[in-house]
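Going from the sequence shown to the working numbering is simple: count from 1 and add 181.
Note that beta-carbon positions come from the ideal geometry of N, C-alpha and C, so glycine has one too.
This report concerns only the one structure given below.
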Amino acid sequence: MIKPHKESHTILKGTLLLTVSALIIKVLSAFYRIPFQNLVGDVGFYIYQQAYPFYGMALVLCTYGFPVIISKLYIEKMSVKDVQGAKKLIVTSSFLLSLIGVILFVALFYGAPYIASFMQDPHIALLLKAISFIFLLFPVLSILRGVFQGSGDMKPTAISQVSEQFVRVSTILMVAFYLRNEDLYTVGAGAMFGSIVGGLVAVSVLLFYLKKRQKYLPVFFQKASIPSWSEAKGLIKLLCIQGFAISVSSMLLLFIQLADSLNLYSLLLKMMTNEHAAKEIKGIYDRGVPLIQLGTVVATSMSLSLVPIISSEKVKKNMRVLHDRIRLSLLISIMVGFGASIGLLSIIEPANIFLFQNSEGSSILAMQSTIILLSSLIITLCAVLQGLGKIVFPAITIVLGCLFKYLFNMYFVPLFGAYGAVFASVLSLVIISILLFMVLLTRVKGEIIKGKELIKVAVAALIMFLVLKGYQWLIDHFLNEPNRFEAGLEAMVGVILGGLSYLIVILRLYTFKESELSLLPLGSKLIQLLPKKNRS
């Protein structure tokens, strides 16, 4: 029998493993786009980004959505030694997810010409058909990951996720390199094929571990009775509602990209009638995707680390500590998100030259940097509300936000071009933030974020902005037109200089106490920068 402290250590180790693997795949998912854009150019990048949101949604379904709810239900069954119930869960999940997977595959494969025509670019159908096959792998990936996680064995899930993304990214870049002289739509379809290869590798890894662990997972190797409709109905309802709700809550940035895929190019085309120019502008606009993704990963990695504590305090009904943890998680998301937004805005031109070979669209990317703050806050709000038991509302709000984004594009893009699309994104995210915050206020009484805390963050951001602008002013005296290497050096020094100045000011303004920092990753290091009188 496993001792309680050993079991607790195993669960903690497994959770850490999943957290690290999630961080790796998010960083990989953002970084590969930069060399890919360098290989295929802005038009090739536009082509890829038109189809990417459909793959991204499949990835979320089989990584963050259904595995989470399957693991939760599996734990509930096995905690009361209900092996037959666990078997029926697997049978029901297999049937339901297979049905969903086939429906999504058929809808995307046969609907590809209609979707591409709606986008005003019929050639995109080739990419949509290529990516549709990923939905056939989604049931196997979701069920195996869910059961492994439910049994407390996080290693297979973590390794399958990292392997999938590493193989996918490697395949995409190799295809882009070897087909770089071919038609860009062919390159895009080849890149989408990399997602299928990655998915097959993930399935292979999970099946390998399933065979290796068969004596620990008898539910997969023993005959199961078919659940009755009354038994299956409850499971199907739970899987559908919670599985999709958790998935949609993780699709914020994907839905924003999807809205742009559906109508931004067609709206730009109406403005200029030149197909190549419209595609190029959309490709330049899409340069912001990896920058926003990286900034959001950094901003949420610290704030989301507090969510399990929030769930725990809710169970204990310790309202004072619960309020403090919610406040801290939101304050950190605002602090890091605001810093990342202002920092990126301050060094966007050298960063653009370094990452994407020229400075085109720097002003558009500078505007997009504000999305980092808003998306970080929304992702944290969704996680907090889910921790408080509000599973469905965040998902509904994000779907509404996507609809707002699509409609706002139709109004603002004809007026301001790509700048209008950025404004549509920001306005949609502001609406989502307000709706989520209003619901949070109904669940948590009292002031959540104090005005003086926001003022301290704003002061620190202003000081960082001035430091970076002063630094760039000095650099401009020596480098009038920096080459790519010089721009890269300027950007990287700017990141370090801006990050340090912002962090030091934040901590020196007594924004956080030692007890609060101790809850965060690397908190022990940050405590050393606190004024001594604030260490309590």
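- Task: Return the CA-CA distance between Leu433 and Gln230, expressed in angstroms with no decimal places.
- Result: A straight-line Cα-Cα distance of about 16 angstroms links Leu433 and Gln230.
- Alpha carbon of Phe389 to alpha carbon of Ile205, nearest angstrom: Rounded to whole angstroms, the separation of the alpha carbons of Ile205 and Phe389 is 22 angstroms.
- Quick one: any contact between the segment 424–443 and the segment 567–587, if contact means 3 or more CB pairs under 8 angstroms? In short, these stretches touch, since the Cβ pair count reaches three.
- Message: Buried or exposed, going by whether 16 or more other CB atoms sit within 10 Å of the CB of Gln423?
- Response: Residue environment analysis places Gln423 among the buried positions, since at least 16 neighbouring C-beta atoms fall within 10 angstroms of its C-beta.
- Message: Measuring only the C-alpha atoms, how far is Val201 from Val221?
- Response: When only Cα atoms are considered, Val201 and Val221 end up about 31 angstroms apart.
- Query: What are the boundary residues of the alpha helix (DSSP H) that Phe314 is part of?
  - Reply: No residue range can be given for Phe314, since it is assigned to no alpha helix (DSSP H) and is classified by DSSP as neither H nor E.
- Message: Within the continuous alpha helix (DSSP H) that includes Ile251, where are the two ends?
- Response: Start and end: 247–260.
- How many angstroms separate the CA atom of Ser514 from the CA atom of Gly333? Rounded to the nearest angstrom, the two C-alpha atoms are 29 angstroms apart.
- Message: For a quick check, are the C-beta atoms of Gly476 and Ile545 less than 9 angstroms apart?
- Response: No.
- Item | Burial state of Lys187 (16 or more Cβ within 10 Å) | For Lys187, the predicted structure reports a pLDDT of 47, less than 50, and the residue's modelled location is therefore unreliable. The matter cannot be settled from this model.
- Which residues in the same chain as Tyr236 place their Cβ atom closer than 8 angstroms to its Cβ, once the five residues preceding and following it in sequence are excluded? For Tyr236, where only same-chain residues beyond five positions count, the Cβ hits under 8 angstroms are Ile312, Ile315, Met373, Ser376.
- Query: Considering only C-alpha positions, which residue in the set Met516, Tyr366, Ile534, Leu588 is nearest to Tyr683?
  - Reply: Here the closest residue by C-alpha is Met516.
- Touching by the beta-carbon criterion (3+ pairs, under 8 angstroms), the segment 547–554 and the segment 603–619: Contact holds: three or more Cβ-Cβ distances are below 8 angstroms.
- Rounded to a whole number of angstroms, what is the C-alpha to C-alpha distance between Gln330 and Val249? If you take the alpha carbons of Gln330 and Val249, they lie about 8 angstroms apart.
- For Met182, which of helix, strand or coil comes out of DSSP? No answer about Met182 holds up, because its pLDDT of 41 lies below 50 and its placement is not dependable.
- Message: So the candidates are Val603, Pro294, Leu381; which of them puts its Cα closest to the Cα of Arg349?
- Response: Cα-wise, what sits closest to Arg349 is Leu381.
- Message: If contacts are defined as beta-carbon pairs under 8 angstroms, then Ile630 and Arg508 qualify, I think. What distance do you get, rounded to the angstrom?
- Response: At roughly 6 angstroms, the Cβ-Cβ gap stays under 8 angstroms, so Ile630 and Arg508 are in contact.
- Task: Indicate the three-state DSSP secondary structure (helix, strand or coil) for Arg361 in the structure shown.
- Result: Assignment of Arg361 by DSSP, reduced to helix, strand and coil, places it in the coil class.
- Query: Does the pairing of the segment 517–536 with the segment 658–676 give three or more beta-carbon distances under 8 angstroms?
  - Reply: Contact between the segment 517–536 and the segment 658–676 is present: 3 or more CB-CB pairs across the two stretches fall below 8 angstroms.
- Message: Taking the beta carbon of Lys626 as the centre, do at least 16 other beta carbons fall within 10 Å, making it buried, or is it exposed?
- Response: Burial call: exposed.
- Message: Please classify Gln395 as buried or exposed, where buried requires at least 16 neighbouring CB atoms within 10 angstroms.
- Response: Exposed, by the Cβ-count rule.
- Curious, which full-length alpha helix (DSSP H) runs of at least 4 residues does the segment 264–291 contain? Whole alpha helix (DSSP H) segments, 4+ residues: zero.
- Message: So that I know if they touch, is there some Cβ in chain C lying closer than 9 angstroms to that of Leu307?
- Response: In the structure shown, chain C cannot be found, because there is only a single protein chain.
- Query: What residue range is occupied by the uninterrupted alpha helix (DSSP H) comprising Gly669?
  - Reply: Segment 665–689, the alpha helix (DSSP H) holding Gly669.
- Query: Is Tyr466 near Leu445, with beta carbons less than 9 angstroms apart?
  - Reply: Taking a C-beta distance under 9 angstroms as the contact criterion, Tyr466 and Leu445 qualify as a contact pair.
- Task: Can you give me the Cβ contacts of Leu270 inside the same chain, cut-off strictly under 8 angstroms, excluding the 5 residues immediately before and after it?
- Result: Annotation for Leu270: Ile251, Leu254, Tyr255, Lys258, Leu416 place their beta carbon closer than 8 angstroms to its own, counting only its chain and skipping 5 residues before and after.
- Does the beta-carbon of Phe519 have 16 or more other beta-carbons within 10 angstroms, so that it is buried, or is it exposed? By the neighbour-count rule (16 or more Cβ atoms within 10 Å), Phe519 is buried.
- Coarse secondary structure for Leu420, derived from DSSP in three states: Here Leu420 sits in helix by DSSP.
- Message: Taking 8 angstroms as the limit between beta carbons, can you name the residues of its chain near Leu198, skipping five residues before and five after?
- Response: Answer for Leu198: Met335, Lys336, Ala339, listed in chain order.
- May I have the straight-line CA-CA distance separating Leu240 from Pro320, to the nearest angstrom? Taking the straight line joining both Cα atoms gives about 11 angstroms.
- Message: Checking 9 angstroms against the spacing of the C-beta atoms, do Leu690 and Val648 come in under that value?
- Response: Taking 9 angstroms as the Cβ cut-off, Leu690 and Val648 do not qualify as a contacting pair.
- Inter-residue CB distance, Leu536 and Ile215 (contact presumed, cutoff 8 angstroms): Between Leu536 and Ile215, the beta carbon gap of about 5 angstroms places them in contact (Cβ cut-off 8 angstroms).
- Contacts around Ser540, its chain only, beta-carbon distance under 6 angstroms, and the 5 residues preceding and following it disregarded: Glu530, Asn533, Ile534.
- Inter-residue Cα distance where the pair is Val674 and Lys650: The alpha-carbon separation between Val674 and Lys650 amounts to approximately 13 angstroms.
- Where does the unbroken alpha helix (DSSP H) through Val611 begin, and where does it stop? Its alpha helix (DSSP H) spans residues 599–624.
- Message: Please return the same chain residues whose Cβ sits closer than 7 angstroms to the Cβ of Lys463, not counting the five positions on each side in sequence.
- Response: Answer for Lys463: Tyr227, Leu445, Tyr446, Leu449, listed in chain order.
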